[in-house]
Amino acid sequence: MIGAAVYSIRQKDLLYATIATGIISLVLSVLFYLLQAPDVALTEAAIGVALTTIIFIITIRNTVRYEDEHDNKEKFKSGVK
Amino acid sequence: MKKFVVILLLAVMGYYISITFFDIGFGDSHLVEGVVPVKDAYLNETVNSLNVANTVTSIVVNFRGFDTLGEVTVLFLAVTALGGILYKKRHQAGERSVLFSASKVVTSGSKLLFPAIVLLGAYVFIHGHLSPGGGFQGGVIIATGFLLMLLAYENFTVGHNTLSVIESLAGITFAGVGIWGLIYGGSFLENFLPVGTLNDLFSGGVIPIIYIAVGFKVAAELTGVIYTVLHEKG
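Respectively, the protein sequence lines represent chains E and Z.
Just add 350 to wherever you are in the first sequence, counting from 1, and you've got my numbering.
Just add 274 to wherever you are in the second sequence, counting from 1, and you've got my numbering.
As structure tokens, this is what we get:
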């Protein structure tokens, strides 16, 4: 879980970083379940794994995929967003 | 100079906060002697007088029902803000879109899975007072079902008017139950229905009604979010 967290911060490819955050949520929901909090586990599984990941992926699809693309002023001005 | 003042201020605040916390002592009960701790009160009341099997639900909906109303309002405001921000962009021409036709396997599989997912979500929020889960979880599960359909079928649409009507009705139900409790029970969101027997589907007074309303509301809102984001062209 910590490895996935570090990976999601270090990774320049935002798609991989998003999937790593999904893995964090998955492990977290299993942890919640093991710690006898099934309500929270269910919330985490539904929102963290499914919904947040999907919304991030849609956003990445609509904007830019790599972190460095933000620095590219030309592209920024001339079209994509 | 400014930074120094800020650090000084933080140090003073930290000092007083730490004094307060050192008085309590780690792990001690910080309650007055002879008073029943609030957790015991919740646990006793949940099983004995409210007849709800799931303690978490009874706290979220009954004892802290007003907080839940606030949470639902926060979610509503967030969805409204998202729609407001993305609304302008949607009508501009754009060449990149997430939507493309999916393969036969995906469409057929989604068609098979969609009713099962919606059923699971409905089960989770109807049985919120008996088993783990509740309105929020069930609503999110239903929203993921709609997400699947939206991804599989290019032309699958969800009527915005339908969503807002469902959402408004659910919100009105929640607030109306609260006001009804104010009239008949003496305080906002007071239980006014018979509590039934423990582990029955119809037990816990107003909790099932409120959770079904919350489930519908969350499902409508999150489906709206997904729909708005998906149909926004970059």
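Heads up, the beta-carbon is just placed ideally off N, CA and C, and yes, glycines get one too.
Cross-strand partners of residue i (DSSP beta bridge)
i: D363 (chain E); result: E:Y416
N-terminal and C-terminal residue of the alpha helix (DSSP H) that residue i is part of
i: G489 (chain Z); result: 481–504
i: V414 (chain Z); result: 409–426
i: F448 (chain Z); result: 434–458
i: A315 (chain Z); result: 312–322
i: V390 (chain E); result: 388–393
Residue i, DSSP secondary structure in three states
i: H401 (chain Z); result: coil
i: L472 (chain Z); result: coil
i: M320 (chain E); result: An answer regarding residue 320 (chain E) cannot be provided, because it is not within the stretch 351 to 431 covered by chain E.
i: F406 (chain E); result: helix
i: P406 (chain Z); result: coil
i: N328 (chain Z); result: coil
i: E369 (chain Z); result: Per-residue confidence for E369 (chain Z) stands at a pLDDT of 48, beneath the threshold of 50, marking its modelled position as unreliable; the derived number appears in the next sentence. In the structure shown, E369 (chain Z) sits in coil (DSSP, three-state: anything other than H, G, I, E or B).
i: E345 (chain Z); result: helix
i: M275 (chain Z); result: coil
i: L384 (chain E); result: helix
i: R411 (chain E); result: helix
i: G372 (chain E); result: helix
i: G478 (chain Z); result: coil
i: L282 (chain Z); result: helix
i: L463 (chain Z); result: coil
i: A546 (chain Z); result: Lying before the first or after the last residue shown, residue 546 (chain Z) is absent from chain Z, which here runs from 275 to 508.
i: F295 (chain Z); result: helix
i: N429 (chain Z); result: coil
8 Å Cβ cutoff met for residue i and residue j
i: K320 (chain Z); j: V312 (chain Z); result: Note that residue 320 (chain Z) is Thr in the sequence shown, not Lys. No, these two residues do not count as a Cβ contact at 8 Å.
i: V480 (chain Z); j: I397 (chain E); result: no
i: E464 (chain Z); j: L475 (chain Z); result: no
i: V398 (chain Z); j: G419 (chain Z); result: no
i: A376 (chain Z); j: L425 (chain Z); result: yes
i: V492 (chain Z); j: G409 (chain Z); result: yes
i: I408 (chain E); j: L365 (chain E); result: no
i: L437 (chain Z); j: A494 (chain Z); result: yes
i: L324 (chain Z); j: G478 (chain Z); result: yes
i: V353 (chain Z); j: V503 (chain Z); result: no
i: G407 (chain Z); j: L381 (chain E); result: no
i: S384 (chain Z); j: M423 (chain Z); result: yes
i: V346 (chain Z); j: F278 (chain Z); result: no
i: L401 (chain E); j: L351 (chain Z); result: no
i: Y316 (chain Z); j: F337 (chain Z); result: yes
i: G445 (chain Z); j: T331 (chain Z); result: no
Spatial neighbours of residue i in its chain, beta-carbon cut-off 8 Å, leaving aside the 5 residues before and after
i: V451 (chain Z); result: L463, V480, I483, I484, A487
i: A396 (chain Z); result: G412, I416, G489
i: T368 (chain E); result: S358, T403, F406, I407, I410
i: G459 (chain Z); result: N465, F466
i: T471 (chain Z); result: N325, S477
Same chain, Cβ closer than 7 Å to residue i, neighbours up to 5 away in sequence not counted
i: A395 (chain E); result: S379
i: L376 (chain E); result: V399
i: W454 (chain Z); result: F466
i: A355 (chain E); result: I374
i: V286 (chain Z); result: none
i: R415 (chain E); result: D363, L364, L365
i: L370 (chain E); result: It is Ala, not Leu, that sits at residue 370 (chain E) in the sequence shown. A354, Y357, S358, Q361, listed in sequence order.
i: N435 (chain Z); result: none
i: F340 (chain Z); result: F462, L463
i: E417 (chain E); result: K362, L364
i: V390 (chain E); result: F382
i: L384 (chain E); result: none
6 Å CB neighbourhood of residue i in its chain, flanking five on each side removed
i: V334 (chain Z); result: T342
i: G372 (chain E); result: V399, T403
i: T329 (chain Z); result: T320
i: V392 (chain Z); result: I416, G419
i: G357 (chain Z); result: T502
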